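The structure appears right after this line, and notes come after that.
Residue numbers (our numbering), protein chains in the order written: chain L, 11 to 240; chain V, 3 to 411.
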């Protein structure tokens, strides 16, 4: 059984009388432990596809099976629960809570999972250590560099032991050196912890870190191939 | 599962970020709760004062006064006709089962002299029953005996005000005072009663036997006539029955025909006082209602700020939703925020209200009573205001679309 399977997913936006097909019969299968980069020009549907994979949006048609469970027709709170337990998010703009310490940011998913304070603190500290931020627990986002903030965000994605991390342009706001550091962290997490990583990027050098490259254009998968490591 | 302590921590942090704004928002609730507590305190104080005065008059009282007299078509006021007699009083005592005590009163104002002091006060000729009717104990001495009433003895009981004005520190018992130049021996001193609900000093009085008042002080053209008959009913339930019995008895005694009007008036004092008490209660409620309008306005202030806060924190809400916050996680966060605002406002408001009542009673001399119930009420109400006005912003927040919220700048 594939970890993620989309069957003929379509997403149609209605703008008055005009129907806009953002996704057109996208069928993909993603196994556990894959490292996938999604590329495509803007408007190609890659963001829409990521939102659907992230259970932030629902497809208009088709089926989306996550660990064999159809999530396309779940309600808001069920989807929230799926996002909490199965998925980790990393965004381009980091999206940490301001005026909130690193460890409290990392604790957040556990908080919504209803864990006790002690377990939350332990697991969050472990997740921060895993991304190389041990000792920075009490720092607030504005006291951390961009790369460090993104590491906090990755720790937050890790803390619930989600099988999948979805990263939407995770290096978009970072310089090249820091970008490569973040990508190496993703590679390490993928190798060592067998975490499935799906990231959207439009930089070829970032996509090169992945092992499978999916290219979107006009709402359809243009190409889907294993990258050739040089 | 929703984690309440953590949600409270999150809310407190959000409120501390905008300290000034939070404080100003609370101000509405503070003023509202303070006003409600103060107004209730003023009302309760007034009610209690009235109640004390009511108790000082005596309980289950009925007052009978003569009816009006008509001279050439001009109707005079109540009590201008002399129709009540000591005989009436005795008959009521004997024949009305609902009546406990009866005391006739023949009163007037006279100058009283002791040594080189003199004082003008009201003199009431009555019987020993008067003290029972009015629930009025003596602090010193003894009441006059039936024998003294019968023999028109020149003895008297003094109210505290009279004692204060005539006797500076001297024990009045056994002393001789002169009322209208007639010497009276002081045999007892009445306990202090204070003002009646009309504001009259009840202690500014002297009681003498009714017979003595008639013969020596206020001799009338018709011997045996009295000005007022005071009656104490057996219980508050017997008041109406006593009133009816007195009416029937007096109509019969005064030979009043079926179609003729009464030549006396029976007033149920207790009922009148209770009506006054009810009025005070209505006043209290009115004041509290007006004050709670400001509490409502404070609540609207909270809602306003919470709506601003939700808009400002759209992105934060998006993040929370993306990592798994459910509808009620988001709602509770904002409701608890509103609740904390209103509860802290409530506590400060209670403190302000209590001090406000204290200041009011000190500066204006009003008696104010802050009842625990009013505190509980104000606190509970402010909590309800928080939940009620926090709900809409919280509801709005929970309906945000996570994708839009995450993109919000």
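In this text, a Cβ means the ideal position worked out from N, Cα and C, and glycines have one as well.
Nothing here was measured: the structure is a model prediction, and the numbers come from that model.
Three-way DSSP call (helix, strand, coil) for residue i in this model
i: residue 395 of chain V; result: helix
i: residue 425 of chain V; result: Given that chain V is displayed from residue 3 to residue 411, the structure contains no residue 425 of chain V and the question cannot be resolved.
i: residue 11 of chain L; result: coil
i: residue 358 of chain V; result: helix
i: residue 178 of chain L; result: strand
i: residue 254 of chain V; result: helix
i: residue 38 of chain L; result: strand
i: residue 227 of chain L; result: strand
i: residue 380 of chain V; result: helix
i: residue 240 of chain L; result: The predicted model places residue 240 of chain L with a pLDDT of 49, which falls under 50 and marks its position as unreliable, so this point remains unresolved.
i: residue 136 of chain V; result: coil
i: residue 48 of chain L; result: strand
i: residue 106 of chain L; result: coil
i: residue 15 of chain V; result: helix
i: residue 3 of chain L; result: No information on residue 3 of chain L is available, as it lies outside the stretch 11 to 240 that chain L covers here.
i: residue 146 of chain V; result: coil
i: residue 69 of chain L; result: coil
Exposed unless 16 or more other CB atoms sit within 10 angstroms - verdict on residue i
i: residue 186 of chain L; result: exposed
i: residue 242 of chain V; result: exposed
i: residue 370 of chain V; result: buried
i: residue 366 of chain V; result: exposed
i: residue 272 of chain V; result: buried
i: residue 340 of chain V; result: buried
i: residue 361 of chain V; result: exposed
i: residue 337 of chain V; result: buried
i: residue 148 of chain V; result: exposed
i: residue 305 of chain V; result: buried
i: residue 208 of chain V; result: buried
i: residue 240 of chain L; result: Reliability of the predicted coordinates at residue 240 of chain L is poor, the pLDDT of 49 falling under 50, and the value obtained from them is presented with this limitation in mind. Exposed is the call here.
i: residue 323 of chain V; result: buried
i: residue 18 of chain V; result: exposed
i: residue 96 of chain L; result: buried
i: residue 158 of chain L; result: buried
Proximity below 9 Å, CB of residue i to CB of residue j
i: residue 6 of chain L; j: residue 58 of chain L; result: This structure cannot speak to residue 6 of chain L, because chain L is shown only from 11 to 240.
i: residue 47 of chain L; j: residue 211 of chain L; result: yes
i: residue 431 of chain V; j: residue 52 of chain V; result: An answer regarding residue 431 of chain V cannot be provided, because it is not within the stretch 3 to 411 covered by chain V.
i: residue 227 of chain L; j: residue 237 of chain L; result: no
i: residue 477 of chain V; j: residue 109 of chain V; result: The displayed coordinates of chain V run from 3 to 411. Any statement about residue 477 of chain V would go beyond what the structure contains.
i: residue 121 of chain L; j: residue 5 of chain V; result: yes
i: residue 407 of chain V; j: residue 319 of chain V; result: yes
i: residue 355 of chain V; j: residue 30 of chain V; result: no
i: residue 400 of chain V; j: residue 330 of chain V; result: yes
i: residue 140 of chain V; j: residue 196 of chain V; result: no
i: residue 81 of chain L; j: residue 89 of chain L; result: yes
i: residue 197 of chain L; j: residue 165 of chain L; result: no
i: residue 204 of chain L; j: residue 42 of chain L; result: yes
i: residue 63 of chain V; j: residue 212 of chain V; result: no
i: residue 133 of chain V; j: residue 145 of chain V; result: yes
i: residue 175 of chain L; j: residue 50 of chain L; result: no
Residue i - containing alpha helix (DSSP H), residue span
i: residue 53 of chain V; result: 21-59
i: residue 123 of chain V; result: Looking at the DSSP string, residue 123 of chain V is not in any alpha helix (DSSP H); the run it does join, the beta strand (DSSP E), is 119-128.
i: residue 115 of chain L; result: 112-122
i: residue 303 of chain V; result: 271-314
i: residue 140 of chain L; result: 127-140
i: residue 408 of chain V; result: 404-409
i: residue 90 of chain L; result: 86-96
i: residue 186 of chain V; result: Taken as a continuous stretch (DSSP letters only), residue 186 of chain V belongs to no alpha helix (DSSP H), being part of the beta strand (DSSP E) at 184-192.
i: residue 91 of chain V; result: 88-97
i: residue 198 of chain L; result: 186-203
Enclosing beta strand (DSSP E) for residue i [first to last residue]
i: residue 158 of chain L; result: Run containing residue 158 of chain L: none in the beta strand (DSSP E); it sits in the alpha helix (DSSP H), 156-168.
i: residue 234 of chain V; result: 230-235
i: residue 207 of chain L; result: 206-210
* Between the region 301-335 of chain V and chain L, which residues of the former have CB atoms less than 9 Å from a CB of the latter, in chain order? -> Those would be 317, 318, 320, 321, 322, 323, 324, 325, 326, 327, 328, 329, 330, 331, in chain order.
* Going along the region 377-400 of chain V in order, which residues come within less than 8 Å of chain L, judged by CB to CB distance? -> With the criterion set as a beta carbon lying under 8 Å from some beta carbon of chain L, the region 377-400 of chain V has no members that meet it.
* Asked: Listed in chain order, which residues of the region 88-100 of chain L have Cβ atoms closer than 7 Å to some Cβ of chain V?
  -> From the region 88-100 of chain L, only 90, 91, 93, 94, 99 have a Cβ closer than 7 Å to chain V.
* To do: Output, in sequence order along the chain, the residues in the region 112-124 of chain L whose CB is closer than 8 Å to any CB in chain V.
  => 118, 119, 121, 122, 123, 124
* Relative to chain V, which residues along the region 38-61 of chain L have a C-beta separation below 8 Å, given in chain order? -> Look at the region 38-61 of chain L: the residues with a C-beta under 8 Å from a C-beta of chain V are 61.
* Identify each residue in the region 20-42 of chain V for which the Cβ-Cβ distance to at least one residue of chain L is less than 8 Å, and report them in chain order. => none
* To do: Identify each residue in the region 280-294 of chain V for which the Cβ-Cβ distance to at least one residue of chain L is less than 7 Å, and report them in chain order.
  => none
* To do: Give, in chain order, every residue of the region 12-40 of chain L whose Cβ lies closer than 7 Å to some Cβ of chain V.
  => Taking 7 Å as the Cβ-Cβ cut-off against chain V, none of the residues of the region 12-40 of chain L qualify.
* Closer than 9 Å, Cβ to Cβ, to anything on chain V: give me those residues from the region 66-77 of chain L, in chain order. => 66, 67
* With 9 Å as the limit, tell me which residues of the region 208-223 of chain L have their beta carbon closer than that to any beta carbon of chain V; keep them in chain order. => none
* Residues of the region 335-348 of chain V with Cβ closer than 8 Å to any Cβ of chain L, in chain order -> none
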